[in-house]
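Q: Numbering (our numbering), first residue to last: -15 to 324. Virtual Cβ for every residue (Gly too), placed ideally from N, Cα, C.
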């Protein structure tokens, strides 16, 4: 070859003619080789339900999120189903006078949470309902379990959540998602559900729920922020401990969990990856209230492009091996995806 026609560049020799930018040069090539994508099937919408009728209460620390009465929630469930969102996760804000030391309101078949389940299943039969059996929305002290002295007692709490799980299944819950982090609760709930004839009701374990600072807005949403006595470090996982988190998840797998969840999400994305690699079960991340609030408030201040960061963080969960994400952005994202 004539050396004057040789267009080889120094960069070609350095890279061995391997140029990574070839597949980035145009929109069509980038789309063609994209490794991960976010779809509406990846979304679970967490919602807050309150007593009353025709009510919608904005949550100040979660701009764009409101508590809804059961009738409003049923309407919202229909919209979510129409957008293709697979499931809704419900969290109640019950009247303070109905809260006590043991969270006994959770054991009433017609409590607010079970009313919401029945209404959602009637309004949108094709959408999944995921319910939590943790006691914190029902206790006067804001803890996830039964408080005796200064201790959250494990076994009595497990008895409570097992009974609550059966009641929630009777109301129509499709998946029980126990978040109270008591030892042995997954196996106990599985036994109780099966003995009550609910073999088809799944369990999404909060397998690794960390003692995190990202839950503040959620506690405002369910009105436990001013009630909480002490902290939850004796039953949530230390944020410093990855190996312990994997051991915790392994026990839930052995006890019969169908799906695993990491909570919070983005600060623990390494745990998402490690859980998926270790167990091969469906893994979900909960993009919690503090994560949501940071993105929303930073966008309101003009510090970030809110839509772009919203989508980027959700895609990060997919890249980390998650099969889905619980996110307060679910409706917004579903609408955005429907137009793309």
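1) What does the Cβ neighbour count give for residue 176, buried or exposed, with the cut at 16 atoms within 10 Å?
2) Beta-carbon within less than 6 Å of residue 82's beta-carbon, same chain only, minus the 5 sequence neighbours each way: which residues are those?
3) Are residue 277 and residue 223 close, meaning C-beta to C-beta below 7 Å?
4) Reducing DSSP to helix, strand and coil, say where residue 164 ends up.
5) With hydrogens ignored, establish whether the beta-carbon of residue 40 is closer than 6 Å to any heavy atom of the ligand COA.
6) Helix, strand or coil for residue 25 per DSSP?
7) Would you mind giving the Cβ-Cβ distance between residue 303 and residue 290, rounded to the nearest angstrom? I have them listed as a contact below 8 Å.
8) For residue 268 and residue 275, what's the separation of their Cα atoms in angstroms?
9) Under the three-state reduction of DSSP, which class applies to residue 19: helix, strand or coil?
10) Jot down the residue ranges of each uninterrupted beta strand (DSSP E) in the segment 170 to 221, minimum 3 residues, whole runs only, in chain order.
11) Okay, do the segment 122 to 132 and the segment 86 to 104 touch, 3+ Cβ pairs below 8 Å being the bar?
12) So which of 197, 111, 28, 142 has the shortest CA-CA distance to residue 66?
13) Could you give the C-beta distance for residue 311 and residue 321, rounded to a whole number, given that I count them as a contact under 8 Å?
14) Helix, strand or coil: how does DSSP classify residue 88 here?
15) Restricting to runs no shorter than 4 residues, where is the alpha helix (DSSP H) found entirely within the segment 227 to 278?
16) When you compare the segment 172 to 190 with the segment 248 to 260, are there three or more beta-carbon pairs, one atom per stretch, that lie closer than 8 Å?
17) Specify, as a first and last residue, the run of the beta strand (DSSP E) that residue 308 falls within.
18) Note down the Cα distance separating residue -15 from residue 3, rounded to an integer number of angstroms.
19) Specify whether the segment 209 to 222 and the segment 185 to 200 touch according to this definition: at least 3 beta carbon pairs, one from each stretch, less than 8 Å apart.
20) Taking buried to mean at least 16 other C-beta atoms within 10 Å of its own C-beta, is residue 315 buried or exposed?
21) Quick one: what does DSSP say residue 73 is sitting in, helix, strand or coil?
22) Could you give the distance in angstroms between the alpha-carbon of residue 29 and the alpha-carbon of residue 305?
23) With H, G and I counted as helix, E and B as strand and the rest as coil, what does DSSP make of residue 122?
24) Return helix, strand or coil for residue 13, following the three-state DSSP convention.
25) Using only CA atoms, which one of 52, 134, 21 lies nearest to residue 31?
26) Taking just the CA atoms, how far does residue 6 sit from residue -8?
27) Got a sec? Which residues, its chain only, sit under 8 Å from residue 152 by beta carbon, not counting five neighbours each side?
28) Report yes if the CB atom of residue 107 is closer than 7 Å to the CB atom of residue 58, and no otherwise.
29) The beta strand (DSSP E) spanning residue 101 covers which residue range?
30) Please tell me whether residue 142 and residue 174 are closer than 7 Å, where the distance is taken between their beta carbons.
31) Measuring alpha carbon to alpha carbon, tell me which of 249, 186, 37, 34 ends up nearest residue 265.
32) Within 10 angstroms of the Cβ of residue 127, are there 16 or more other Cβ atoms? Answer buried if so, exposed if not.
A: According to the data block:
1) Buried, since its Cβ has 16 or more Cβ neighbours within 10 Å.
2) The answer, listed in chain order, is 89.
3) no
4) coil
5) Among the components modelled here there is no ligand, and therefore nothing to report on the ligand COA.
6) helix
7) Actually they are not in contact, since the Cβ atoms of residue 303 and residue 290 sit about 20 Å apart, beyond 8 Å.
8) 15 Å
9) coil
10) 186 to 193
11) As far as the Cβ criterion goes, the segment 122 to 132 touches the segment 86 to 104, which means the pair count is three or higher.
12) 111
13) So it is not a contact: roughly 13 Å between Cβ atoms.
14) Here residue 88 carries a helix assignment [DSSP, helix/strand/coil].
15) 253 to 263
16) no
17) Residue 308 -> beta strand (DSSP E) spans 308 to 311.
18) Residue placement at residue -15 is flagged as unreliable, the pLDDT there being 49, under the threshold of 50; the coordinate-derived value follows with that caveat. Rounded to the nearest angstrom, the two C-alpha atoms are 23 Å apart.
19) yes
20) buried
21) strand
22) 19 Å
23) coil
24) When secondary structure is reduced to three states using DSSP, residue 13 falls in the helix class.
25) For the residues 52, 134, 21, the minimum Cα distance to residue 31 belongs to 52.
26) 16 Å
27) 97, 98, 101, 115, 117, 160
28) yes
29) For residue 101, no beta strand (DSSP E) segment is defined; the enclosing uninterrupted segment is the alpha helix (DSSP H) at 96 to 107.
30) no
31) 186
32) buried
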